[in-house]
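Student:
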Amino acid sequence: MRDAVIVEAVRTPIGKGKPHGSLAHVHPVELLAHTLRTLVERSGIDPALIDDVIGGTVDQVGEQAMNTTRYAALSAGFPESVPATTVDRQCGSSQQAVHFAAQGVLAGAYDLVVACGVESMSRVPMWSNVPPGADPFGPGVAARYPEGLVPQGISAELIAAKWSLGRAQLDDFAVASHHRADAAWRQGLFDAEVAPLEGVSRDECVRPDTTPEVLAGLRPAYHDPVFAERFPQIEWNITAGNASPINDGASAVLITSSETAARLGLRPLARLHSFAVTGSDPLLMLTGVVPATERVLRRAGLRLDDIDLFEVNEAFSSVVLAWQQETGADLARVNVHGGAIALGHPLGASGTRLTTTLVHALRHRGARYGLQTMCEAGGLANAMILETV
């Protein structure tokens, strides 16, 4: 029976997604091309052997339009015969790319495939693909949710209220993310996964000096009198400090079967064990990580206690803390090298960024199982389990 294994995993440093950010001068196609080129260089493979390149990008417009992944592969020097496609499952786009790539290997449709992702939020701001006045939802959704859906920040506030997550708890989690990320950088734990680019070698948003006192001084990021009247339970505890920032970055993983890896002299890093996707309430929107975690564990025949490390995307502190309350997971094993609040959240790149960090963290700690899950706009979530080999 065929399996699917990761044999290489890389990412760029993550820059601030603003005009003055460290990677703002780099075209998104070139950001992604850099990771593809590095993937080939580090693995030593002939890129002509790659059956497909599957990339995630959220705002597919402007410089990220026209199937960005295809042009990144061409810019990276891949033969013209290597195909590529770009997918969108919102924040989980490149994790979905990993699912598709691994499932293609398991099915025998691919022998060697790249899953990757990119987002340049400095050059293509979030929501650029929705022109002013445009309705991306349509009348059927409006009829189904007559009171209206809400932005992600309001969903994060509703989650904080529903799970009784106070400001101090949210801020403490964010501070821990920064401290873990800083410790990982100081200990050289990111060296194997990060591919420096044009003089940029470190993640730009990590703030080692962040304290609860500093974060306590930040104002609520999403306060709105209309939503305050509609949702009186909201306490307005979400700030720029306990939410993920806006970022630029790219990441990529190389996936094959153990048989093909042996034939090509590649060393498997982790086996792609199990997968799950799920939908959830689009009003709360970000809670799908809970049922996705439960589903992937059932499919794997594993229990929560079997999982050594977790990567749960830190879109907001409230998402991870609500997930923890529902699952009972040990936070000491969650995002051990820091999460998106500190490292950054370049939307389309975050899925394979989490995978890259998880693969290397598992090997560094000599751990066996890792579980990755991501919340996504619209009430969606991906989850998968990796097993060290």
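Sequential numbering from 1 applies to the sequence shown in full-length UniProt numbering.
Ideal placement from N, C-alpha and C gives every residue a C-beta, glycine not left out.
1) Nearest to residue 204 by CA position, among 296, 245 and 234, is which residue?
2) Sort out for me which residues DSSP pairs residue 220 with in a bridge.
3) Would you grab the beta carbon distance between residue 78 and residue 158 for me? Rounded to a whole angstrom, and I think it's under 8 Å.
4) Per the contact definition of three or more C-beta pairs closer than 8 Å, is the stretch 14-28 in contact with the stretch 87-97?
5) Ends of the beta strand (DSSP E) at residue 102?
6) Using 8 Å as the threshold, is the C-beta distance between residue 275 and residue 156 below it?
7) Restricting to runs no shorter than 4 residues, where is the alpha helix (DSSP H) found entirely within the stretch 7-52?
8) For the alpha helix (DSSP H) holding residue 71, just list the boundary residues, first then last.
9) Which of helix, strand or coil does DSSP assign to residue 259?
10) Classify residue 176: buried if its beta carbon has 16 or more other beta carbons within 10 angstroms, exposed otherwise.
11) Can you give the beta carbon distance from residue 257 to residue 3, rounded, assuming they're within the 8 Å contact cut?
12) Ordered along the chain, which non-local residues of its own chain (more than five positions away) have a Cβ less than 7 Å from that of residue 228?
13) Tell me the residue span of the beta strand (DSSP E) that contains residue 372.
14) For the beta strand (DSSP E) containing residue 356, list its first residue and its last residue.
15) When the Cβ atoms of the stretch 347-362 are set against those of the stretch 257-268, are three or more pairs found closer than 8 Å?
16) Helix, strand or coil for residue 178, going by three-state DSSP, please let me know.
17) Smallest Cα separation from residue 372: which of 342, 329 and 378?
18) Below 8 Å CB to CB, which residues in the same chain sit around residue 308 once its five sequence neighbours on both sides are set aside?
19) Let me check understanding here. Comparing Cα to Cα, which of 288, 281 and 385 lies closest to residue 306?
20) Out of 388, 345, 358 and 389, point me to the one whose CA is closest to residue 117's CA.
21) At the level of alpha carbons, what is the spacing between residue 212 and residue 318?
22) When the Cα of residue 341 is compared with those of 215, 200, 1 and 20, which residue comes out closest?
23) Taking Cβ positions, are residue 172 and residue 17 nearer each other than 8 Å?
24) Per DSSP, what kind of secondary structure is residue 115 in: helix, strand or coil?
25) Would you tell me roughly how many angstroms separate the C-alpha atoms of residue 320 and residue 131, rounded to the nearest one?
26) Taking DSSP's pairing of strands, which residues face residue 274 in a bridge?
27) Quick check: the Cα distance between residue 5 and residue 253, rounded to an integer number of angstroms?
28) So, residue 288 versus residue 375, is the Cβ gap smaller than 8 Å?
Tutor: Taking the geometry as given:
1) 245
2) 239
3) Incorrect: roughly 44 Å between the Cβ atoms, too far for contact.
4) no
5) Taken as a continuous stretch (DSSP letters only), residue 102 belongs to no beta strand (DSSP E), being part of the alpha helix (DSSP H) at 93-107.
6) no
7) Listed in chain order, the complete alpha helix (DSSP H) runs (minimum 4 residues) inside the stretch 7-52 are 28-43.
8) 68-75
9) helix
10) So residue 176 counts as buried.
11) 6 Å
12) 234
13) 369-376
14) Per DSSP, residue 356 belongs to no beta strand (DSSP E); it is in the alpha helix (DSSP H), 350-365.
15) no
16) Residue 178: helix per DSSP, three-state reduction.
17) Comparing Cα-Cα distances from residue 372 to each of 342, 329 and 378, the minimum goes to 329.
18) If you ignore the 5 residues before and after residue 308, its C-beta comes within less than 8 Å of the C-beta of 333, 362, 365, 367, 368, 369 and 370, all in its own chain and listed in chain order.
19) Of the candidates 288, 281 and 385, the residue whose Cα lies closest to the Cα of residue 306 is 385.
20) 345
21) 16 Å
22) 215
23) no
24) strand
25) 31 Å
26) DSSP lists 385 as the bridge partner or partners of residue 274.
27) 10 Å
28) yes
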